[in-house]
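Chemist:
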Amino acid sequence: MSKALNTIRNQAGSAPIEATLILGSGLSAVADLLAEQVVIPFADLEGFPQGGVSGHGKDLVIGQMGSKRIAILTGRQHYYEHGDAAAMRPALETMSELGAGTLMLTNSAGSLDTDVRPGNLMLISDHLNYAGANPLIGEPTDARFVNMVDAYDPELRATTHAVASRLEIALKEGVYMWYSGPSFETPAEIRMARTLGCDAVGMSTVPEVILGRFLGLRVWACSSITNMGAGMAQETISHTQTKEVAKYGAEKLKRLIPALMEEI
Ligand code: HPA
């Protein structure tokens, strides 16, 4: 058993966890939703995100969301921090060993769709791996040849749309383009991404989706839109703006996720 798995079982017990939720930039308030919380700092968990990016939390929070026992990672590691696309693998493997069969990912993203504005959510239906890195490079087994058709679970997406419409939360779905960052895109790159059929752009999530499918998890991902893509609006894109605007998306996710959790 890995050291992290041991620490989690010792502190939070060994009751199975239904789902793992990973929170993106400015979204860590979503963890407030859990009742009977056990908070374990990533610093105490070998292989969990160390270092970190401002606007992200640094804890694993395990607790109850309605009738379900959920684990929330209040932050993640990004490829742009060190060039390691597999950095989230130990944490995802640990959560999978704890029984979490569903992986729910959130992020902050720039919108490429003029109908999806800052403060809106966009459910991810597919992705384009423009960073070109892959967390399974170096994996020696045949399990590395992961099928990516329907990587974003169609049934979960359909349920999410039904829940969002019941809660009157506007929710379009679209294709997310993974850009390595940490610099933002150029306007030319945004024009390219739109031409290629992408609807949002961001610096995370895709490596975790690939790892999640590798581990046989059911994957769900949703972007909180913090800005329009570079060159699409007059505003100056910045990380400060990402953190500031993300709170509007966080409020919607705090309504959407618990309602969705009851349906899955
Ligand atoms: N590009 C990449 N990542 C982002 C953006 C963006 O415009 N906004 C928030 N995260």
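So the sequence shown is numbered by my numbering: it starts at 14 and just counts up by one.
The beta-carbon is built from N, C-alpha and C at its ideal position, and this holds for glycine as well.
#1: Our contact map puts Ile32 next to Ile83 with C-beta atoms below 8 angstroms; I'd like the distance itself, whole angstroms only.
#2: Any idea which residues DSSP pairs Thr115 with across the strands?
#3: Between Ile137 and Tyr93, is the Cβ-Cβ spacing less than 7 angstroms?
#4: Residues in the same chain with beta-carbon distance under 7 angstroms from Arg170, minus the five sequence neighbours each way, listed in chain order, please.
#5: Answer yes or no: the CB of Phe197 versus the heavy atoms of the ligand HPA, is any distance below 6 angstroms?
#6: Using DSSP with H/G/I as helix, E/B as strand and the rest coil, what is Ser214?
#7: At what residues does the alpha helix (DSSP H) containing Leu269 begin and finish?
#8: Which two residues bound the contiguous alpha helix (DSSP H) that contains Glu106?
#9: Just checking Ala122 against the ligand HPA - is the residue's beta carbon closer than 6 angstroms to any of the ligand's heavy atoms?
#10: Between the Cα of Ser80 and those of Ala100, Val52, Leu47 and Glu110, spot the shortest distance and give me the residue it belongs to.
#11: Can we count Met216 as close to the ligand HPA, meaning its CB is less than 6 angstroms from some heavy atom?
#12: Whose C-beta lies closer than 6 angstroms to the C-beta of Ile21 among residues of the same chain, with five residues either side of it excluded?
#13: Would you call the CB atoms of Cys211 and Met245 closer than 7 angstroms?
#14: Rounding to the nearest angstrom, what Cα-Cα distance links Ile250 and Gly123 in this structure?
#15: Between Thr249 and the ligand HPA, is the CB less than 6 angstroms from at least one heavy atom?
#16: Would you say the beta carbon of Asn147 comes nearer than 6 angstroms to a heavy atom of the ligand NAP?
#17: If we ignore side chains and look at the alpha-carbon of each, how far apart do Met78 and Asp45 end up?
#18: Which residue from Met205, Ser121 and Asp72 puts its Cα closest to that of Glu257?
#19: Tell me which same chain residues have a C-beta within less than 7 angstroms of the C-beta of Ala259, skipping the five on either side of it?
#20: Checking the sheet assignment: what are the DSSP bridge partners for Asp139?
Modeler: By the coordinates alone:
#1: In the sequence under discussion, the amino acid at residue 32 is Ala, which differs from the Ile named in the question. Indeed they touch by this definition, with Cβ atoms about 5 angstroms apart.
#2: Partner(s): Ala32 and Arg231.
#3: In this structure, the beta-carbon distance from Ile137 to Tyr93 does not fall below 7 angstroms.
#4: So the qualifying residues of the chain are Leu136, Ser138 and Glu186.
#5: Because some heavy atom of the ligand HPA lies under 6 angstroms away, the Cβ of Phe197 counts as near it: yes.
#6: Checking the sequence, you will find Val at residue 214 rather than Ser. Val214 carries a strand assignment under DSSP once its states are collapsed to helix, strand and coil.
#7: Going by DSSP, Leu269 is part of the alpha helix (DSSP H) stretching over His252 to Glu276.
#8: Where Glu106 is concerned, the enclosing alpha helix (DSSP H) starts and stops at Arg102 to Glu110.
#9: The answer is yes for Ala122.
#10: The residue among Ala100, Val52, Leu47 and Glu110 with its C-alpha nearest the C-alpha of Ser80 is Leu47.
#11: Correct: Met216 has its Cβ closer than 6 angstroms to the ligand HPA.
#12: Here the set comprises nothing.
#13: In this structure, Met245 does not lie closer than 7 angstroms to Cys211 by Cβ.
#14: Answer to the nearest angstrom: the Cα atoms are 9 angstroms apart.
#15: No, since every heavy atom of the ligand HPA falls outside the 6 angstroms radius drawn around the Cβ of Thr249.
#16: The ligand NAP is not part of this structure, which contains only the ligand HPA.
#17: Distance between the alpha carbons of Met78 and Asp45: 10 angstroms.
#18: The shortest Cα separation from Glu257 among Met205, Ser121 and Asp72 belongs to Ser121.
#19: Same-chain partners within the cutoff: Ser38, Gly39, Leu40, Ser121, Ser237 and Thr239.
#20: According to DSSP, which records beta bridges pairwise, Asp139 is partnered with Val188.
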